[in-house]
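All residue numbers for the first sequence refer to our numbering, where the first residue is 1 and numbers rise by one.
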Amino acid sequence: MDNSDILPKAYEPQTVEDRIYKTWMDSGLFNPDAYPDATEPYCIIMPPPNATGKLHTGHALGYFLQDLMIRYHRMKGYKTLWLPGTDHASIASTNKVEKILAKEGITRHDLGREKFLERVSDYVEQSRSDIGRQGRLLGASCDWSRERYTLEPTMTRAVRTMFVKMYDDGLIYRGTRIVNWCPRCMSTLADDEVEHTDREGAFYYIKYPIKNSDTSITVATTRPETMFGDVAIAVNPNDDRYKQYIGGAIVLPLSNREIPIIADEYVDMTFGTGALKITPAHDPNDFEIGKKYGLGVLRIINDEGNLNFDALRKEGYDVGAIQSFEGMERFAAREAVGLALQQAGFLEKQESHTSTVGLCYRCDTIIEPLTSLQWFIDVNKKVAGRDESLKEMALRAVRSKEIQIIPERFDKQYFQWMENLHDWCISRQIWFGHQIPVSYCLTKDGGCGETIVSIENPLKCPKCNNTNLTHEEDTLDTWFSSGMWTFSTLGWPDNIEYKDGKIIKKGDLATFHPTTVLETMWDIIFFWVARMILMTEYALGEVPFKVVYLHGMVLDKDGRKMSKSREETAIDPLDMIAKYGTDALRLSLLIGVTPGNNVRLSEDKIESYRNFVNKLWNISRYVLTFTANSHDKEGDYTLADLWIISKLNRLIIEVSASIDQYEFSRAAELLRVFTWDVFADWYIEVSKVEGAKRTLLLSILEVLLVLWHPIVPFVTEEIYRLALPSFPDVKPSRPSLLMVRAWPQANPTAINEQVEKDFGLIQQVIQTIRNGRAENHIPAGEEIEVILYTPHRSAFIAPHINTISRLTHAKNVTIQEIGERPSSALFMQVEDIEMFIPLSSMKIEEEKTRLDKEIANIEALIGRTNTQLSNQEFLAKAPENIVQEMNLKIANYQDELVRMEQQRKRLV
RNA sequence: GCACGAUUAGCUCAGCUGGUUAGAGCACCUCGUUUACACCGAGGGGGUCGCAGGUUCGAAUCCUGCAUCGUGCACCA
Numbered sequence: 001m002d003n004s005d006i007l008p009k010a011y012e013p014q015t016v017e018d019r020i021y022k023t024w025m026d027s028g029l030f031n032p033d034a035y036p037d038a039t040e041p042y043c044i045i046m047p048p049p050n051a052t053g054k055l056h057t058g059h060a061l062g063y064f065l066q067d068l069m070i071r072y073h074r075m076k077g078y079k080t081l082w083l084p085g086t087d088h089a090s091i092a093s094t095n096k097v098e099k100i101l102a103k104e105g106i107t108r109h110d111l112g113r114e115k116f117l118e119r120v121s122d123y124v125e126q127s128r129s130d131i132g133r134q135g136r137l138l139g140a141s142c143d144w145s146r147e148r149y150t151l152e153p154t155m156t157r158a159v160r161t162m163f164v165k166m167y168d169d170g171l172i173y174r175g176t177r178i179v180n181w182c183p184r185c186m187s188t189l190a191d192d193e194v195e196h197t198d199r200e201g202a203f204y205y206i207k208y209p210i211k212n213s214d215t216s217i218t219v220a221t222t223r224p225e226t227m228f229g230d231v232a233i234a235v236n237p238n239d240d241r242y243k244q245y246i247g248g249a250i251v252l253p254l255s256n257r258e259i260p261i262i263a264d265e266y267v268d269m270t271f272g273t274g275a276l277k278i279t280p281a282h283d284p285n286d287f288e289i290g291k292k293y294g295l296g297v298l299r300i301i302n303d304e305g306n307l308n309f310d311a312l313r314k315e316g317y318d319v320g321a322i323q324s325f326e327g328m329e330r331f332a333a334r335e336a337v338g339l340a341l342q343q344a345g346f347l348e349k350q351e352s353h354t355s356t357v358g359l360c361y362r363c364d365t366i367i368e369p370l371t372s373l374q375w376f377i378d379v380n381k382k383v384a385g386r387d388e389s390l391k392e393m394a395l396r397a398v399r400s401k402e403i404q405i406i407p408e409r410f411d412k413q414y415f416q417w418m419e420n421l422h423d424w425c426i427s428r429q430i431w432f433g434h435q436i437p438v439s440y441c442l443t444k445d446g447g448c449g450e451t452i453v454s455i456e457n458p459l460k461c462p463k464c465n466n467t468n469l470t471h472e473e474d475t476l477d478t479w480f481s482s483g484m485w486t487f488s489t490l491g492w493p494d495n496i497e498y499k500d501g502k503i504i505k506k507g508d509l510a511t512f513h514p515t516t517v518l519e520t521m522w523d524i525i526f527f528w529v530a531r532m533i534l535m536t537e538y539a540l541g542e543v544p545f546k547v548v549y550l551h552g553m554v555l556d557k558d559g560r561k562m563s564k565s566r567e568e569t570a571i572d573p574l575d576m577i578a579k580y581g582t583d584a585l586r587l588s589l590l591i592g593v594t595p596g597n598n599v600r601l602s603e604d605k606i607e608s609y610r611n612f613v614n615k616l617w618n619i620s621r622y623v624l625t626f627t628a629n630s631h632d633k634e635g636d637y638t639l640a641d642l643w644i645i646s647k648l649n650r651l652i653i654e655v656s657a658s659i660d661q662y663e664f665s666r667a668a669e670l671l672r673v674f675t676w677d678v679f680a681d682w683y684i685e686v687s688k689v690e691g692a693k694r695t696l697l698l699s700i701l702e703v704l705l706v707l708w709h710p711i712v713p714f715v716t717e718e719i720y721r722l723a724l725p726s727f728p729d730v731k732p733s734r735p736s737l738l739m740v741r742a743w744p745q746a747n748p749t750a751i752n753e754q755v756e757k758d759f760g761l762i763q764q765v766i767q768t769i770r771n772g773r774a775e776n777h778i779p780a781g782e783e784i785e786v787i788l789y790t791p792h793r794s795a796f797i798a799p800h801i802n803t804i805s806r807l808t809h810a811k812n813v814t815i816q817e818i819g820e821r822p823s824s825a826l827f828m829q830v831e832d833i834e835m836f837i838p839l840s841s842m843k844i845e846e847e848k849t850r851l852d853k854e855i856a857n858i859e860a861l862i863g864r865t866n867t868q869l870s871n872q873e874f875l876a877k878a879p880e881n882i883v884q885e886m887n888l889k890i891a892n893y894q895d896e897l898v899r900m901e902q903q904r905k906r907l908v
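Quick look at the structure:
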């Protein structure tokens, strides 16, 4: 019979994967509603990828981990939901489209709001469909019928409802605060959206002349251009150098404006000159000091990042002397101011200096701290009726272990971040996003000045009936909507009712929330995970998920980040899938990867796992061709049969336990070892000699396919399809698709240590003979003779003679209990079994040397063990079984030594 | 500055709660076309587990310090 009738010689993922995925989709089995009898829910809400392009290897890793957990629990009979979606990612999407526009030579402002939003929507729609297609290529078994998008109408309603609720509870407020401003994005950023990095810059030592005096105080600053906004000079009250000037005034260089000299403990006497210029509009610390002393705020850098002195004019200051600086870009202004100070004799010196600057996490532009009227969430205010602030809720959820973070060490980072959390600025001056649900009834429009916060945009002012309302143009921080992701996707707020002050969940929300696991990369633990916990605790009074599993970053083979700007090092998961198949990519991202740790990915690695997938394929091919040709006459189980059954049951237990404990790499590793080393290289080879059993082979294969399926779903599903007609139809529960085949139950009574030990001995005998052959360069063609001397185990070895000889290419294996050992033979031993390979061309001298070496080795070992065993403390304190084992060991060593010495004598 | 990781074979990494002579994959060397698989099989070489102390009968594993690399947070103008 031709093997190719059953399976092609090599696995060809390209011809299989699309078809298999379509079968899964058509079956409708990704949808938990297809399992009406399942009661226990298991739910993962997919972290929505940004709809800004295509999936990269980092996404792939997340998809694979989630799919593994989902498929495993689905097979275990849970009501399993994996809900997919995409994020509109306001800033990221805006930037992408702005880049495209830049190539056309226009900006978003040239296009105008309406047209620009159309462009973004088109772009995002394209992206979303690409992402969906790619998710299918990755094998994601998510319920596409429940797919969500953070900017779709139902999500908008949820977001606006949330905003109104928080506003009504007094948790959202509008105020002028110092914010992080990106002059390129033209928007605010949250504190954690600012990345800090060291930059080489200059330290300017500027003389600030004291009024009515010919002395001055020197101030060191890295940002001289902000001095137009200075409102004071601060020194430490204990600083003897400046004590006498406190309460006096400074005439601000260039501006000629007078500012006070104040004292505050905040000033570090040892840093710089010990004198600090206070610029409240452009530095968070200065803002606090300014507030403390009522110094006022003079904002002199506008939204574009250019100098602007309107604030000075408004306060009635004469800007004539500094007019030439107005309109200058902030960094050009820095140079210009430095030069002007030098020319006017105010610059004492200039030193090079490294300081930290904040960068926009989306476009790397240097952040300008500035004061601005924005919307904030108050994280420290007690929530009405809850006796906890948002911050306290979020801390408690993790402290109490209601949420378990894997790996645990990220707890600390979470606490540290959450404890330092300031009010969260949620308004963005980005056009693309959820519009803030606020309208203003402005007095200039004939209104009453009312601020209206409502889910639907109001047509008229509820207070004065004015219909000429202005709607807030700012949009919400993307993380506001993604913070609601676990419950907005499950139907909040429609799926809740309030009864007697309690929240009653309905529908999917009741079934699946709190969700089971959140799987994501550690880099968004603050952006996203923390905010989800905070917002969910607020909205539902429960945690969003019970477990947070954090994966690491996917790096290239040299450990570098696969950034888009370094295309040559970036591995495109889709290219790899096309070349090696999805399963190979899955294995290379799952094996050897531990939670929270980064993964290095290289094409070599993917290739080697492609080889494994092919091995699995060929094992199946062998089993299926063999069983197709064999008849069902099978005798009793042999030692090898009992051994593989024992190993298989052990495997089921260990793989299940590993997945339950989120040790996915270990699960895959156990399976790989069993499949390749245990099943293929030993059991199948032995069964070829001793006679294979059709049903046993098939049932091992079937269990293997099930266990492998969550990790490599495509190849296992395809093999299962081809094997289905061969499987003995004893289990009526066997479905037509592997993805819903029940996870196997181990039979603990089949695990037999004695059997494993016995078969292990046969393996060792075979390996030792093979080793002897190879080391002595006995060609494979040369059939050898093997004589075993075993006084006690001849009856045990005898049935395996044939196996031993076939697997060692021996023409003849004989067993002796007693008798004269041959001297012109290679000598080996396994436990108390002596093995001889008589050779006509025996090199006696070489064998002597080898034996001498081995004797020295074992003597050293005996010496070490003896030292240990004569240590009274060891005997007294070590557990008994350890001591016993060691006694046993030394006895064996000594026996081995004796046999070796005897053989050595024979060679003389 | 504070915190958290990492440091094990040439390379990438396992090694759970301390207990034989420390493992895997890749790479390397030798041999091999035995009809499941050369995307393969058999065998092999290669590590004082970053350094220095300590706890312990016993440490890659626990503790302390140091070094190198990486990350997060906070930054003093």
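Just so it is clear, CB atoms sit at the ideal spot from N, CA and C, and this is done for glycine as well.
How would you write the range of the alpha helix (DSSP H) that isoleucine 778 sits in, first residue to last? No alpha helix (DSSP H) holds isoleucine 778; DSSP gives it neither H nor E.
Can at least three beta-carbon pairs, one atom from the segment 399-412 and one from the segment 545-552, be found at a separation below 8 Å? yes
Closer than 6 Å by C-beta to glutamate 351: which residues in its own chain qualify, once you throw out the five before and the five after it? Chain order, please. Phe203
Fully enclosed by the segment 505-567, which beta strand (DSSP E) runs are 3 residues long or longer? 515-521 and 545-551
Since I believe tyrosine 42 is in contact with histidine 73 (beta carbons under 8 Å), could you give me their beta-carbon distance rounded to a whole number of angstroms? 4 Å
Smallest Cα separation from aspartate 230: which of Pro237, Pro280, Gly77 and Ser145? Pro280
Only counting the same chain, and skipping five residues up and downstream in sequence, which positions put a Cβ closer than 7 Å to that of arginine 362? Ile91, Ala92, Asn95 and Cys185
My guess is that tyrosine 11 and valine 715 are in contact by the Cβ rule of under 8 Å, so how many angstroms apart are they, rounded? 6 Å
Looking at alanine 825: is its Cβ nearer than 8 Å to the Cβ of isoleucine 833? no
Serine 439 by DSSP, collapsed to three states: which one? strand
Quick one: residues in its chain with C-beta nearer than 6 Å to the C-beta of arginine 566, no 5 flanking neighbours on either side, listed in chain order? With a pLDDT of 49 at arginine 566, under the threshold of 50, the modelled position of this residue cannot be trusted, and the question is left open.
Which of helix, strand or coil DSSP assigns to isoleucine 818: coil
Count the other CB atoms, across all protein chains shown, that sit within 10 Å of the CB of glutamate 717; report buried if there are 16 or more and exposed otherwise. buried
Check asparagine 771 in the structure and name its three-state DSSP category. helix
Tell me whether glycine 483 is buried or exposed, calling it buried when 16 or more other Cβ atoms sit within 10 Å of its Cβ. buried
If the criterion is Cβ atoms closer than 8 Å, does the pair valine 235 and isoleucine 261 meet it? yes
Between which two residues does the alpha helix (DSSP H) holding leucine 589 run? 582-590
What does glutamine 374 pair with, by DSSP beta-bridge criteria? Gly175
Measuring straight from C-alpha to C-alpha, what distance separates alanine 140 and asparagine 776? 52 Å
Alpha carbon to alpha carbon, how far is aspartate 283 from leucine 83? Give it in angstroms, no decimals. 43 Å
So threonine 188 and arginine 396 are in contact, right, with Cβ under 8 Å, and what is the actual spacing, rounded? At roughly 29 Å, the Cβ-Cβ gap does not stay under 8 Å, so threonine 188 and arginine 396 are not in contact.
According to DSSP, residues forming a beta bridge with histidine 353: Gly201
Do you know offhand how far asparagine 916's Cα is from asparagine 285's? Here the chain covers residues 1 to 908 and nothing more, so residue 916 does not appear.
Quick one: is tyrosine 893 buried, meaning 16 or more other Cβ sit within 10 Å of its Cβ, or exposed? buried
In whole angstroms, give me the CA-to-CA distance for glutamate 125 and arginine 600. 32 Å
Could you tell me which residues DSSP puts in a beta bridge with threonine 86? Tyr149
Please list the segments of the alpha helix (DSSP H) lying wholly inside the segment 778-857, counting only runs of 4 or more residues, in order along the chain. 794-797 and 801-807
Within a Cβ cutoff of 7 Å, which residues of the same chain sit near isoleucine 44, ignoring the five residues on either side of it in sequence? Gln66, Met69, Ile70, Trp82, Thr515, Thr516, Val517 and Glu519
Does DSSP put proline 407 in a helix, a strand or coil? coil
Quick one: is serine 687 buried, meaning 16 or more other Cβ sit within 10 Å of its Cβ, or exposed? buried
With DSSP collapsed to three states, give me the class of tryptophan 492. coil
Put isoleucine 233 into one of helix, strand or coil per three-state DSSP. strand
Classify asparagine 917 as buried or exposed, calling it buried when 16 or more other Cβ atoms lie within 10 Å of its own Cβ. Coverage of the chain is limited to positions 1 through 908, which leaves residue 917 absent and any answer about it impossible.
Could you check if asparagine 597 is buried or exposed, using at least 16 other CB atoms within 10 Å of its CB as the buried criterion? exposed
Looking at alanine 980: is its Cβ nearer than 8 Å to the Cβ of serine 255? Only positions 1 to 908 of the chain appear in this structure, which leaves residue 980 out of reach.
Sorted by chain position, which residues of the same chain lie with C-beta nearer than 7 Å to threonine 176's C-beta, five sequence neighbours on each side aside? Thr371, Ser372 and Leu373
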